[in-house]
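With the working numbering, the residue at position 22 of the sequence shown is 215, and numbering never jumps. The beta carbon of each residue, even a glycine, is placed where N, CA and C say it ideally should be. Every value quoted in this text rests on a predicted model; they were computed, and no experiment measured them.
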Amino acid sequence: MYDYLVVGAGLYGAVFAHEAKKHGKSVLVIDKRPNIAGNVYTEDIEKIHVHKYGAHIFHTNNRKVWEYVNQFAEFNRFTNSPVANYHGELYSLPFNMYTFNKMWGVVTPEEAAAKIEEQKKAVRSGYDMDIIPSDLATFGSEAKNLLQDLQSRNERMFLLTFLVVNMADTKRKLENDVFAAAGIAQKNNCALTRLDYQQEAGLMSSVPLGENLIPIQRGLTTSSTAIFIPFITQELFQTGAALYYGLNALSNNMILCDRKQLKNPNGLILGTPGSGKSFAAKREMTNAFLITDDDIIICDPEAEYFSLVQRLDGQVIRLSPTGKGIDGKPQYVNPMDINLNYSEEENPLALKSDFVLSFCELIMGSKTGLEAIEKTVIDRAVQMIYQPYFADPRPGNMPILGDLMNALLSQHIPEADRVAQALDLYVNGSLNFFNHRTTVDISNRLVCFDIKGLGKNLKKPGMLIVQDAVWNTVTINRAIGRSTWYFVDEFHLLLKEEQTAAYSAEIWKRFRKWGGIPTGATQNPKDLLSSPEIENILENSDFIYMLNQAAGDRKILAERLNISSEQLAYVTNSEPGHGLLFFNNVILPFADDFPKDTELYKLLTTKPSEVAHETVDDEKEDQNG
Numbered sequence: 194m195y196d197y198l199v200v201g202a203g204l205y206g207a208v209f210a211h212e213a214k215k216h217g218k219s220v221l222v223i224d225k226r227p228n229i230a231g232n233v234y235t236e237d238i239e240k241i242h243v244h245k246y247g248a249h250i251f252h253t254n255n256r257k258v259w260e261y262v263n264q265f266a267e268f269n270r271f272t273n274s275p276v277a278n279y280h281g282e283l284y285s286l287p288f289n290m291y292t293f294n295k296m297w298g299v300v301t302p303e304e305a306a307a308k309i310e311e312q313k314k315a316v317r318s319g320y321d322m323d324i325i326p327s328d329l330a331t332f333g334s335e336a337k338n339l340l341q342d343l344q345s346r347n348e349r350m351f352l353l354t355f356l357v358v359n360m361a362d363t364k365r366k367l368e369n370d371v372f373a374a375a376g377i378a379q380k381n382n383c384a385l386t387r388l389d390y391q392q393e394a395g396l397m398s399s400v401p402l403g404e405n406l407i408p409i410q411r412g413l414t415t416s417s418t419a420i421f422i423p424f425i426t427q428e429l430f431q432t433g434a435a436l437y438y439g440l441n442a443l444s445n446n447m448i449l450c451d452r453k454q455l456k457n458p459n460g461l462i463l464g465t466p467g468s469g470k471s472f473a474a475k476r477e478m479t480n481a482f483l484i485t486d487d488d489i490i491i492c493d494p495e496a497e498y499f500s501l502v503q504r505l506d507g508q509v510i511r512l513s514p515t516g517k518g519i520d521g522k523p524q525y526v527n528p529m530d531i532n533l534n535y536s537e538e539e540n541p542l543a544l545k546s547d548f549v550l551s552f553c554e555l556i557m558g559s560k561t562g563l564e565a566i567e568k569t570v571i572d573r574a575v576q577m578i579y580q581p582y583f584a585d586p587r588p589g590n591m592p593i594l595g596d597l598m599n600a601l602l603s604q605h606i607p608e609a610d611r612v613a614q615a616l617d618l619y620v621n622g623s624l625n626f627f628n629h630r631t632t633v634d635i636s637n638r639l640v641c642f643d644i645k646g647l648g649k650n651l652k653k654p655g656m657l658i659v660q661d662a663v664w665n666t667v668t669i670n671r672a673i674g675r676s677t678w679y680f681v682d683e684f685h686l687l688l689k690e691e692q693t694a695a696y697s698a699e700i701w702k703r704f705r706k707w708g709g710i711p712t713g714a715t716q717n718p719k720d721l722l723s724s725p726e727i728e729n730i731l732e733n734s735d736f737i738y739m740l741n742q743a744a745g746d747r748k749i750l751a752e753r754l755n756i757s758s759e760q761l762a763y764v765t766n767s768e769p770g771h772g773l774l775f776f777n778n779v780i781l782p783f784a785d786d787f788p789k790d791t792e793l794y795k796l797l798t799t800k801p802s803e804v805a806h807e808t809v810d811d812e813k814e815d816q817n818g
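What follows is the structure in structure tokens.
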């Protein structure tokens, strides 16, 4: 007689019988198979554990139970790893942030909670999330991203037909290739449509005939469409009065562009010493002189443009303390010159007063600038001295610096006297060559102001006066519909002083409206970013001719102009005449290797060795002649 009868010698029955026996009970265990352990039975065959039945994996979260069963046999550890199938993709359970990220693209618990709440609202509104088409669920977020790109990233929509041509030696290989291509497309959420019975139309649309015979189109944004464009280079090849700026370094095609077609034709030539800044400026002004009917004015601080201007039958105005030009005749430029079209405002004195304030501030040398009272007395004097001229606008009534000084002294105010004392050096002192009415007739198309003779201390006021004279010419030319090119070398000299920089920035903004095309050449790009006011010069320049740059300048320009590392390589230790051309939104690497065995090259070059060689040859010719 037995206390218990157990049917089945599996885990449950065997454990029960074992424990009952330990407690003094008699147990009869019966099973249809000749072994115990049921579906976890393992047979030892040649010292190899062969699983006869079942998976032989035992799972429990109870450590006591785990230790109990392992006293009889060693069980394999089991980790429960269920997965969920969501729109054809598998996700691990239980849900965690990784799962939510794969499903919805969220990265924070707050975003996941918001997404769950959104789905709850949809269910409460009567929508069954399980019956929403997968296309709608997948492309809904894409539609939101597309709308954001169109609204905030200046993207546009394009209709694109994308054809994949598959060719193979056998039909089986062709089928395999088509299957593989379809798999790749599906992996990236794209569907390829087989052109059954349209193979000829598909082939004819794929060859470069410029005709699309397949009426299947997909909308793509600008960035997405750009991926499919097979061209790897940009080109700049404009017609009309376009000037030559070298060869495209990638395609070797000519670069022809017309700065007048830009919304803002202002330009900058940037490069280290010896990189070819002056050469590039001379090259551009020569092309402009030969191709257009525009006027060209040059501010030459180092007397580098003399030979070229003379060869082109231009006019050189040499400003020096002696007041004598190249021909020995007096050459004076009156800084107080003005014309009735000087400003677009009703009162032309508004801009002229800014110039006079900048000039006075510069010669007074105050680090803190002019005081408010000083600005007031200067402006009052300017209004006073121009009244006779506007009443009778003839050259004899044009005021000079001496008139300004006398108008200041007549106010009998200490601040006015202080400004007048600073002007005395330029009126009665050794620098009185600025205290004369203009004696030069700027009637030539090509005019060069040579200010090298002014010396280091007078160059800045000299450049400021030249710039004002250029503005006068610009306003006159505007009335007759003529453009005015203005080239200023060593542009950083104007930018280093707050007074001249502020006036230059103001002129830079006004030039565009008045038909002026200014170009500044400098080796110090940092000066263009020294203040928000001066930054306007860089922002208002849609044409930048960038040559070799120093390491510090490259970093600054790359960040400011969004230059890629690949593009930056063209201005890193580059040869003279090689660099990057910025024309509105186009950035092109260029190479301008000018032939050296030409007369024009000798006029354009500023290399000391070549200039010296040329001088020696000329002297030998004179001796032999």
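Under the rule that a run must span 4 or more residues, the alpha helix (DSSP H) segments found entirely inside the stretch 577 to 621 read 580 to 584, 594 to 602 and 607 to 620. In terms of CA proximity to Ser623, Gly516 leads the group Phe265, Leu501 and Gly516.
In the DSSP assignment, Cys553 forms no beta bridge with any residue.
Between the stretch 373 to 391 and the stretch 416 to 436, the count of Cβ pairs shorter than 8 Å is below three; the stretches do not touch. Gln760 and Gly713 have their C-alpha atoms some 22 Å from each other. The DSSP-derived three-state label of Pro466 is coil. Excluding the 5 residues flanking it on each side, Asp237 has same chain C-beta neighbours closer than 8 Å at Val243, in chain order. Distance between Asp746 and Phe482, taken at the CA atoms: about 32 Å. Each residue's CA atom was taken as its position, placing Gln312 and Trp297 some 12 Å apart. His216 sits in coil when the DSSP states are folded into three classes, being neither helix nor strand. Using a 10 angstroms sphere on the CB of Gly518, the tally of other CB atoms reaches 16 or more, which defines it as buried. Burial check for Lys364: the Cβ neighbour count within 10 Å stays below 16, so the residue is exposed.
In the displayed model, His771 falls within a strand according to three-state DSSP.
Listed in chain order, the alpha helix (DSSP H) elements of length 4 or more contained wholly in the stretch 333 to 393 are 364 to 380.
Under the 8 Å Cβ criterion, the stretch 605 to 615 does not count as touching the stretch 460 to 472, having fewer than three qualifying pairs. With respect to the C-alpha of Val371, the residue from Leu339, Met591 and Val358 having the closest C-alpha is Val358. Contact annotation: Ala207 and Asp224 have beta-carbon atoms that are not nearer than 7 Å. DSSP, reduced to helix, strand and coil, places Thr235 within a strand of the structure shown. Residue pairing from DSSP places Leu461 in a beta bridge opposite Gly713 and Ile737. For Gln312, the uninterrupted alpha helix (DSSP H) segment begins and ends at Pro302 to Arg317. Asn628 sits buried, since 16 or more C-beta atoms from the chains shown fall within 10 Å of its C-beta.
Counted as a single uninterrupted DSSP element, the beta strand (DSSP E) harbouring Ile489 occupies residues Asp488 to Asp493.
According to the DSSP assignment, Tyr197 belongs to no alpha helix (DSSP H) but to the beta strand (DSSP E) extending over Tyr197 to Val200.
Within the model, the alpha-carbon separation for Glu728 versus Arg587 is close to 39 Å. A buried status is given to Cys492, since no fewer than 16 other beta-carbon atoms sit within 10 Å of its beta-carbon. Three or more beta-carbon pairs separated by less than 8 Å are not found between the stretch 521 to 528 and the stretch 672 to 690, which leaves the two stretches without contact. Per DSSP, Thr799 lies in no beta strand (DSSP E) and is assigned neither H nor E.
Membership of Pro528 in any beta strand (DSSP E) is not indicated, and neither H nor E is assigned to it by DSSP. For Thr235, the closest of Phe268, Leu221, Val258 and Gln264 by C-alpha to C-alpha distance is Phe268. Cα atoms of Pro782 and Lys366: separation of roughly 44 Å, rounded to the nearest angstrom. With the rule of 3 Cβ pairs closer than 8 Å, the stretch 639 to 654 counts as touching the stretch 472 to 491.
Scanning its chain for C-beta atoms nearer than 6 Å, with the 5 sequence neighbours on each side dropped, one finds around Thr799 the residues Ser471 and Glu497, in chain order. Take Phe787, set aside five residues on each side of it, and the residues of its chain with a beta-carbon closer than 6 Å to its own are Tyr794, in chain order. For Arg753, the enclosing alpha helix (DSSP H) starts and ends at Ala744 to Leu754. Here Pro458 is buried, its C-beta having at least 16 other C-beta atoms within 10 Å. Going by beta carbons, Val220 and Ala210 fall inside the 7 Å limit.
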